[in-house]
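First residue of the sequence shown: 9, per the working numbering; consecutive thereafter.
Written out below as structure tokens is the structure these notes cover.
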Amino acid sequence: MTSRKHVLWDWNGTLLDDAQLCCDIANELLLQFGKEKITSSQYKEVFGFPISHYYQRIGLPHQGTEFERASAYFIKTYEQRKHSAEVHTDAHDMLQTLRESGWDQSVLSAYEQNKLVDLVAHFELTDVLEHCLGTDNNHALGKIERGREFIAQHGGMADTWVLVGDTLHDAEVAHAMGIECCLVQHGHNSERVLRSAGVPVFETFDALSVHLFEQF
């Protein structure tokens, strides 16, 4: 067993600032299906997993062929525009500070594995993020299983591992994996939604880093 401290970073929303991009694509879909657009604030109140439930909440098809068509459009459009998003301000500094302080760091994401690896490399984060743990599908399934497998392979102790995410689902993932969770409020869920998880929520990476150094 190892006592080395390890951060499992969520990718979309947590490190990559892509919430507005996802909201924009959702609005394109809403218009296609004759529905009213949503604001960024509304998006952050209703986004969640499984995606079918989120689609249902905003009035998009959530089952059958229409759901599949909507999902395919979202995936295709996101892939076409993903490089328009940027890594959150101060993310590089945060990751480098933790690395220099002896933390191990990896990405645990619902994003497809090969695409995740490519994006991490695109943003020049490969050196600080030792492992990219994505899924083998485009429907945001398998994140819990992927994380559990990784911890088992690396002999992780629960009190030295923490998952940092930006959605209520990340808190659910961390709980299922038996590790601590911290949430940042600059991603896909609002502060109000995140507070309902009952885990620490932070406005900035600076505040998050203070907490990590104090608690782990």
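Beta carbons are placed, not taken as given, at the ideal position from N, Cα and C, and that holds for glycine.
In DSSP terms, what residue i is bridged to
| i | result |
| --- | --- |
| Q113 | V15 |
| N4 | Because residue 4 is not part of the residues shown, which for the chain are 9 to 224, the question remains open. |
| L141 | L116 |
| G173 | L191 |
| V95 | L24 |
Contact check, residue i vs residue j, beta carbons under 8 Å
| i | j | result |
| --- | --- | --- |
| T97 | S217 | no |
| V136 | R107 | yes |
| L116 | K151 | yes |
| R12 | D167 | no |
| L220 | L202 | no |
| S79 | Q71 | no |
| L225 | A99 | What is shown of the chain runs 9 to 224, which leaves residue 225 out entirely. |
| G155 | L16 | yes |
| P69 | Y63 | yes |
Option in the options with minimal Cα separation from residue i
| i | options | result |
| --- | --- | --- |
| R89 | C30, A182, G21 | C30 |
| Y81 | V15, I33, V181 | I33 |
| V172 | S114, D26, E36 | S114 |
| F131 | E138, I159, V170, H91 | H91 |
| Y86 | F75, Q64, L141, N20 | N20 |
| R65 | E76, Q50, T73, E74 | Q50 |
| G206 | D214, D178, K52, Q223 | D178 |
Would you call the stretch 39–57 and the stretch 196–206 in contact, with 3 or more CB pairs under 8 Å? Judged by Cβ distances under 8 Å, the stretch 39–57 makes contact with the stretch 196–206, as three or more pairs qualify.
Does the pairing of the stretch 35–52 with the stretch 119–126 give three or more beta-carbon distances under 8 Å? Counting C-beta pairs with one atom in each stretch, the stretch 35–52 and the stretch 119–126 have fewer than three that are closer than 8 Å, which means they do not touch.
Fully enclosed by the stretch 195–220, which alpha helix (DSSP H) runs are 4 residues long or longer? The stretch 195–220 contains these whole alpha helix (DSSP H) runs: 199–203.
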